[in-house]
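Following: one structure in structure tokens, then a few remarks.
See the structure below:
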């Protein structure tokens, strides 16, 4: 059924259709509306049997999810930003134990400086934790990916993170097609755990493994993720048969067949990029887009194939490996058949900085002209940076950077973009 | 695509207005996207929300920098925020005030735009009368339906019913209806002038 709802409400409803049995979460913006929505469904008796557990921290949220999942329950939680970091130890444990928890990450920047706005630093900081990481382009895909995530997680006994841009998607009202319970039931079978803690048939989960087998356990985790690379496209196609639309898969290509330049990105910024590319194509520029839906496991072969005709690749990412440059672009470079010199990194939208068509057009045109730097920070205010650097050259006791830069900038509360 | 930017202050229902407008657009079979300018919400602080309406799916996620219409929920923002920034030359402006553009000191500015698309409506007074609280958003959406012809008053009313409990909804619909009539009359006068 078509609906005009907030992204968080759409995801809450989709998660409820997946019949989770335990939901535990600790509130943090911009994720909060999702678990509030689920909490209301549980308290109204509209989602049964399901236990909603209020916990005292994100570390507890993931620990409860681990316990619930180990006891054979379908478990769900959601978090963002510092919340994800606070639960990091348990996040690694969930993956290492092979527990198929599904978690929404409403992507948000990481402090300091404290910032509640969107970028991908939170999810990408956990890229090697052993979870599958899927990124939604719009709210329809966000809700669809949750349905696919439970199936994928439980089939492989691997936890899955569904990443959706905080505020930009979680707080946006847009049209979604909400599936029926029958459709979701047809796609997602009941959870049949490989391992379960049952007092009637006691086992232990979480053995200490020494050098004799630790490498093998880690290798098996890697092998499972490689298996996911085959299952994800197959299940996206099964999803299309039942739900009647394209959602999920490893990557999405747009206008790449004849493209000399391909822009690679994750998440909701793909929409703005596609509008920019349409306008550039009207001028005759051969440019296309590759959206990465599945970031972990990294779909090397799919990326390599999609970029096979590209002479230059621009990776636009909402993340920064401080001291290196791009995170996504590093992965793309490894998959690209051509020279790493032809892969350009554009770091954009950190801490919620708006990414506009005007700015995108400027960097994409520079890529066409061959004048783009290999590492570019979109709309970086260089004069602001220079003032700080100059101050630091001139004096020792310059004080905290964030406070100093805000003083230089003056009042910005009234800015529209 | 038709783009609306709504300016107001925290607590005036700015974000809700954009959401309700998007639901009204959806009810008319259009694609609609509403989103707030994501700040740390504080009562009284300047707040912006956006709504796009289109006949095809909306992919764009940038803030609305060149709006087709502006709804200004609080006239005290005129001296604090660049509320008119990027407005298209044939754009629409609806301001919540009991004063005129001249009285607001906007005579010269308004002269650059089409008179019948520049309207004011005492939305706070109308809201106090019907809703009993100074929440001008529903009244302004009624006025917006009149000024822009982008959406019908019936769709705005249906969207309000979807969002609020019956009693609150009916009071807000009454406010929207009165503001719609007020703006319609104002446009007639502007067209005659």
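Residue numbers (my numbering), protein chains in the order written: chain A, 126 to 542; chain B, 325 to 517.
Ideal placement from N, C-alpha and C gives every residue a C-beta, glycine not left out.
Cβ neighbours of residue 487 of chain B within its own chain (closer than 8 angstroms, five residues either side excluded): 340, 343, 344, 347 and 493. The DSSP-derived three-state label of residue 397 of chain A is helix. Following the DSSP letters along the chain, one finds residue 232 of chain A inside the beta strand (DSSP E) bounded by residues 227-232. By the 16-neighbour rule on beta-carbons within 10 angstroms, residue 473 of chain B is exposed. Interface annotation, residue 300 of chain A: in contact with chain B, CB-CB separation under 7 angstroms. Listed as beta-bridge partners of residue 222 of chain A by DSSP are no residues whatsoever. In the three-state scheme derived from DSSP, where H, G and I count as helix and E and B as strand, residue 442 of chain B is classed as strand. The C-beta of residue 355 of chain B comes closer than 7 angstroms to at least one C-beta of chain A. Between the segment 193-205 of chain A and the segment 302-320 of chain A, the count of Cβ pairs shorter than 8 angstroms is three or higher; the stretches touch. Here DSSP, grouped into helix, strand and coil, assigns residue 378 of chain A to strand. For residue 393 of chain B, the CB contacts under 8 angstroms within the same chain, skipping 5 residues up- and downstream, are 326, 327, 328, 329, 415, 416, 417, 418, 468, 471, 472 and 474 in chain order. Only exposed fits residue 462 of chain A, as fewer than 16 other CB atoms lie within 10 angstroms of its CB.
Along the segment 440-467 of chain B, there is no position whose C-beta sits under 9 angstroms from a C-beta of chain A. According to the DSSP assignment, residue 127 of chain A belongs to no alpha helix (DSSP H) but to the beta strand (DSSP E) extending over 127-131.
In the DSSP assignment, residue 138 of chain A is bridged to no other residue.
For the pair of segments examined, the segment 401-411 of chain A was found not to touch the segment 251-261 of chain A: the number of CB pairs separated by less than 8 angstroms stays below three. Close CB contacts of residue 137 of chain A within its chain, under the 6 angstroms cut and outside five residues either way in sequence, are with 159, 162 and 163 (chain order). Residue 259 of chain A: member of the beta strand (DSSP E) spanning 257-260, first to last residue. Per DSSP, the beta-bridge partners of residue 328 of chain B are B:375 and B:393. The DSSP-derived three-state label of residue 357 of chain B is strand. In summary, the residues of the segment 393-411 of chain A whose CB is separated from some CB of chain B by less than 7 angstroms are 393, 394, 396, 397, 399 and 400, in the order they occur in the chain.
Residue-level contact by beta carbon fails for residue 433 of chain B and chain A, as no gap is shorter than 7 angstroms. Sorting B:517, B:464, B:432 and B:384 by C-alpha distance to the C-alpha of residue 396 of chain B places B:464 at the top. Scanning A:373, A:406, A:440 and A:224 for the CA closest to the CA of residue 499 of chain A turns up A:440.
Each of B:375, B:484 and B:369 was checked against the Cα of residue 356 of chain B, and the nearest Cα belongs to B:375. Taking 7 angstroms as the threshold, the shortest C-beta distance from residue 293 of chain A to chain B falls below it. In the three-state reduction of the DSSP assignment, residue 535 of chain A falls in the coil class.
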